[in-house]
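Enquirer: Take this structure first; my questions come after.
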Amino acid sequence: MAKVLMIHPDKCTGCHNCELACSFEHEGQFRPAASRVQAYTWEREGMTVPMMCQQCDDAACVKVCPTGAMHRSVTRANLVDWDERVCIRCKMCTVACPFGNARYDAASSSIFKCDTCQGAPECVTFCPNGALEFVDDEQQVRSRKKAYAAKFKDAFQEVS
Amino acid sequence: MFGWTGTTLRVDLTKGTVTREATDIGLAHTYLGARGMGGKIILDEVAPDTDALSPANKIVFSPGPLTGTFAPSAGRFEVVTKAPLNNVIAGSNSGGAFGPELKYAGYDALIIEGKAAKPVYLWIKNDEVEIRDAGAIWGHTTPDTTDLVRAETDEDAKVACIGPGGEHLSPIATVMNEMHRAAGRSGVGAVMGSKNLKAIAVFGTGAVTVADPERFKTAVMKARKMIQEHPVGGTGLKAYGTDVLVNILNQTGALPTRNYQDGYFPTADKIGGESLAAKQLVRPKGCFSCIISCGRVTKVDNPAYAGFGEGPEYETAWSFGADCGIDDLDAITKANFLCNEYGLDTISLGSTIACAMELFERGIITAKDTDGVQLTFGNVAAMVEMTRKAGEGEGFGAKLAQGSYRLAESYGHPEYSMTCKKQEMPAYDPRGVQGIGLNYATGNRGGCHVRGYTIAIEVLQNGAVMDPRITEGKAGLDITFQNLTAALDSAGACLFSTFGIGAPELAEMLSAVTGVEYSVDEFMKIGERIWNQERLWNLTQGYTTADDTLPERLLKDPIKTGPAKGEVNRLGEMLPEYYQLRGWDDKGVPSKAKLKELSLN
């Protein structure tokens, strides 16, 4: 069973602890601009949505990469990995990703994308609200569907 | 350098110059940042007799050394300046993401001096700093200003700005950041207005570095756990916000009602956090790095008061609620939204409207003064309308926007202003809770709860229990809280993190971040130094022991109803001991020995 990162924007309070934990883990310093997860806040609506690499099965970044730097991991299921040694910094992956989840950082000459902290994502550890979860891929589909089913259940209970 | 960025930014609006200075690291070690460093800068650079609204006053925006790290709920900054409301060193604390963004842009502090010839805003993008024309933005509300400035700078810039309140130089005007967070007290917004400075936009992509990452992470994990397992820090504040206090204080008999004429409000439950959660709460919100999430994203559907925004906090629910004899939460939240949009302090304005209501009911003012409005306690529509008028500076609203002391004094009755050192007291009646009265009376910025929150022990029993009705031991309690809070504010931490952690955890995180070893004693000593520094400034402003007092009503008129019926505040039993424990003489002047001990002149 492989695990995936699951985002719950409805639980996010906009604290950005995910960005802090991510940059601290990867860079050893607090630099949200270098975080692999980015939480965007809409202040008028009071809403924040975290965004990070979805480790796509059929990943555009992998397809477009001319050197194989962006590749599906052979050692870990559900991980699209970036190999900085063979990367030529052409940035095609950042263009190809439909979500903008691969970014180029000029300061460090790196591609920033989520590597799930090698299977123990710090953003999940430090999210105080359960807005980020690292769950079995099968459970990811089930739990969200069941949460909505629960709302139907409540509605039907009221009318029946 | 760790924790601190090492750079202070100075902007002279008269000359239009921008300079970078090395942060004085010796001062950083002894004053930390934010409130402490900001206060030191004002003390050193602003002559005591400076008019707060003149170009000679300066305004400092300063985060702390913990700001921008993942120390729990430590993403705060302070707006420090000579206060237009009452000449004290205003240190107005705010959360959101503005403080961390200043750090990521590379600055420990932003010092603004002089006065621009015409309206401007400041655009800080890392090393690039521009003073830009704000002619088309002047006059707009704070959310609109934020959008307009972002459209001209960066859509993700963090914006601190003033609304019409600050433009009109209201001495109760706020600086708002990210639309909903307020540096609320003492009129800091008017100083921006007096400098023709409409807004500051910041975008930073740099880093805050840490001396000992492993030690810091360990300390943070421990502190997080302590807060998350605390019934208030971990559960209560997220579920109900600070407004959860309404019912608690009412049950204590210390919910000031109708301009402090009473201490009990029978229908308080209708304006409490439980009602708010049931009727208006969309979702809880946290400031940068916060694990508590006391913020309330709220929506009012009631067509009369429809709106969307954040709030109300407990103090606001009280000031526009119980203090005005009002139990309509929709109207209160609407007044809160209006204050945020116009940039006015909800505590001071609500209390000022309550004061006007008392003046009206006593016949000191009439409908002729109030633009025809029957300004009686409980008049919901009048309260909301007066809030709007104060924001616009229109008619009687212009007088309300001066705060209750100036209002009541202008009619010859300052005794109906519920203020200490001209600043409105918040929502804890000192007749029902003795220690908080001592804190209001000795508060360095006047009536204030967040710099000596004795309520945590006297009412909430956070870690210790003390009977709210007794005076014994309250001087020591108050001093401990005042010193702790001064250090905590200056580190960049949030007061609410003390619902879980204390000086040991804060000192440990600070040591790990900065690489400077802070023992608990040294941490508390920094707080004491800052408190005495603020006191020394107040002495230069002509404040004496006669000002370390409460409105006469609280000392002489007993609470009429509720659990604390018959109580008055017994300040005289606490104040001499307070001076003595502080190492001050009987005039409230710090002794030479105390100043030497604290390395103060």
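Chains as they are written, first to last, in the working numbering: chain A, 3 to 162; chain B, 552 to 1152. Glycine included, C-beta positions come from ideal geometry on N, C-alpha and C. The structure presented is a predicted model; accordingly, all values stated were derived computationally and were not measured.
Find the residues of chain B that neighbour Gly-16 of chain A, judging by a C-beta separation of less than 8 Å, and give them in chain order.
Expert: Lys-836, Gly-837
Enquirer: Taking Val-761 of chain B as the query, report the chain A residues whose CB atoms sit under 9 Å from its CB, ordered along the chain.
Expert: Phe-26, Gly-30, Gln-31, Phe-32
Enquirer: Could you tell me whether the Cβ atoms of Arg-586 of chain B and Ser-624 of chain B are closer together than 9 Å?
Expert: Contact: no.
Enquirer: Reducing DSSP to helix, strand and coil, say where Val-519 of chain B ends up.
Expert: This structure gives no information on residue 519 of chain B, because the portion of chain B shown stretches from 552 to 1152.
Enquirer: Mind listing which residues of the stretch 715-728 of chain B have their C-beta closer than 9 Å to chain A's C-betas, in chain order?
Expert: Per Cβ criterion, the list is empty.
Enquirer: Quick one: grab the DSSP three-state call for Arg-847 of chain B.
Expert: strand
Enquirer: Among the candidates B:Gln-802, B:Glu-1068, B:Thr-938, whose CA atom is the shortest distance from the CA of Asp-980 of chain B?
Expert: B:Gln-802
Enquirer: With burial defined as no fewer than 16 other Cβ atoms inside 10 Å of the residue's Cβ, what is the status of Asn-1152 of chain B: buried or exposed?
Expert: exposed
Enquirer: List the residues of chain D whose Cβ lies closer than 7 Å to the Cβ of Gly-102 of chain A, in chain order.
Expert: The chain labelled as chain D is not found among the protein chains of the depicted structure, namely A and B.
Enquirer: For Ala-104 of chain A, count neighbouring C-beta atoms within 10 Å of its own C-beta (all shown protein chains included) and say buried if the count is 16 or more, exposed if not.
Expert: Label assigned to Ala-104 of chain A: buried.
Enquirer: When DSSP labels each residue in this structure, what does Tyr-991 of chain B get in the three-state scheme?
Expert: Of the three classes helix, strand and coil, the one that applies to Tyr-991 of chain B here is helix, per DSSP.
Enquirer: So what's Trp-1088 of chain B in DSSP terms, helix, strand or just coil?
Expert: Here Trp-1088 of chain B carries a helix assignment [DSSP, helix/strand/coil].
Enquirer: Can you tell me the Cβ-Cβ gap for Lys-5 of chain A and Phe-136 of chain A, rounded? I've got them flagged as a contact below 8 Å.
Expert: 5 Å
Enquirer: Helix or strand or just coil, what does DSSP make of Asp-763 of chain B?
Expert: Looking at Asp-763 of chain B - three-state DSSP - the assignment turns out to be coil, as it is neither helix nor strand.
Enquirer: Going by Cα to Cα distance, which pick from B:Gln-831, B:Gly-716, B:Gly-1051, B:Gly-1024 is closest to Ala-857 of chain B?
Expert: B:Gln-831
Enquirer: First and last residue of the beta strand (DSSP E) that includes Ser-112 of chain A?
Expert: 112-114
Enquirer: Quick check on Cys-875 of chain B: does DSSP put it in helix, strand or coil?
Expert: helix
Enquirer: Short of 8 Å Cβ to Cβ, which residues in the stretch 113-137 of chain A face chain B?
Expert: Phe-128, Pro-130, Asn-131
Enquirer: Just the C-alpha distance for Pro-1102 of chain B and Tyr-1094 of chain B, rounded to the nearest angstrom, thanks.
Expert: C-alpha of Pro-1102 of chain B to C-alpha of Tyr-1094 of chain B: approximately 16 Å in a straight line.
Enquirer: On the criterion of 16 or more Cβ atoms from any shown chain inside 10 Å, does Glu-27 of chain A qualify as buried, or is it exposed?
Expert: buried
Enquirer: So which residues of chain B does Leu-7 of chain A contact, with C-beta pairs closer than 9 Å?
Expert: Neighbours of Leu-7 of chain A on chain B: none; closest Cβ ~19 Å, over 9 Å.
Enquirer: Determine whether the Cβ of Met-54 of chain A lies closer than 9 Å to any Cβ atom of chain B.
Expert: Judged by the 9 Å Cβ criterion, Met-54 of chain A is not in contact with chain B.
Enquirer: Between which two residues does the beta strand (DSSP E) harbouring Ile-751 of chain B extend?
Expert: 748-754
Enquirer: What do you get for Asp-707 of chain B, buried or exposed, if any count of 16 or more other CB atoms within 10 angstroms of its CB means buried?
Expert: That one is exposed.
Enquirer: Where does Leu-1132 of chain B land, buried or exposed, given buried means 16+ other C-beta within 10 angstroms?
Expert: The residue is exposed, with fewer than 16 neighbouring Cβ atoms inside 10 Å.
Enquirer: Counting along the chain, where does the beta strand (DSSP E) carrying Arg-74 of chain A start and finish?
Expert: 72-74
Enquirer: Could you pull out every unbroken alpha helix (DSSP H) segment of at least 4 residues lying fully inside the stretch 643-720 of chain B, listed in chain order?
Expert: 649-656, 693-703, 715-718
Enquirer: Short of 7 Å in beta carbon distance, which residues of its chain neighbour Thr-927 of chain B, apart from the five on each side in sequence? Order them along the chain.
Expert: Met-908, Phe-911, Glu-912
Enquirer: Measure the CB-CB distance between Gly-804 of chain B and Pro-1114 of chain B and report whether it falls below 9 Å.
Expert: yes
Enquirer: Report the rounded CA-to-CA distance for Asn-728 of chain B versus Arg-78 of chain A, giving the unit in angstroms.
Expert: 44 Å
Enquirer: Identify the continuous beta strand (DSSP E) that holds Arg-1104 of chain B and give its terminal residues.
Expert: Unbroken run through Arg-1104 of chain B is the alpha helix (DSSP H), 1103-1107; no beta strand (DSSP E).
Enquirer: Which chain B residues sit within Cβ distance under 8 Å of Ala-157 of chain A?
Expert: The contacting residues do not exist; Ala-157 of chain A stays about 19 Å from chain B at best.
Enquirer: Can you give me the Cβ contacts of Leu-81 of chain A inside the same chain, cut-off strictly under 6 Å, excluding the 5 residues immediately before and after it?
Expert: Gln-57, Ser-75
Enquirer: Using a Cβ-Cβ cut-off of less than 8 Å, give me the residues of the stretch 731-743 of chain B that come near chain A, in sequence order.
Expert: Within the stretch 731-743 of chain B, the residues whose Cβ lies closer than 8 Å to some Cβ of chain A are His-731, listed in chain order.
Enquirer: For the alpha helix (DSSP H) containing Met-588 of chain B, list its first residue and its last residue.
Expert: Residues 585-596.
Enquirer: At 4 residues or longer, and completely inside the stretch 936-988 of chain B: list those alpha helix (DSSP H) runs for me, N to C.
Expert: 947-951, 955-961
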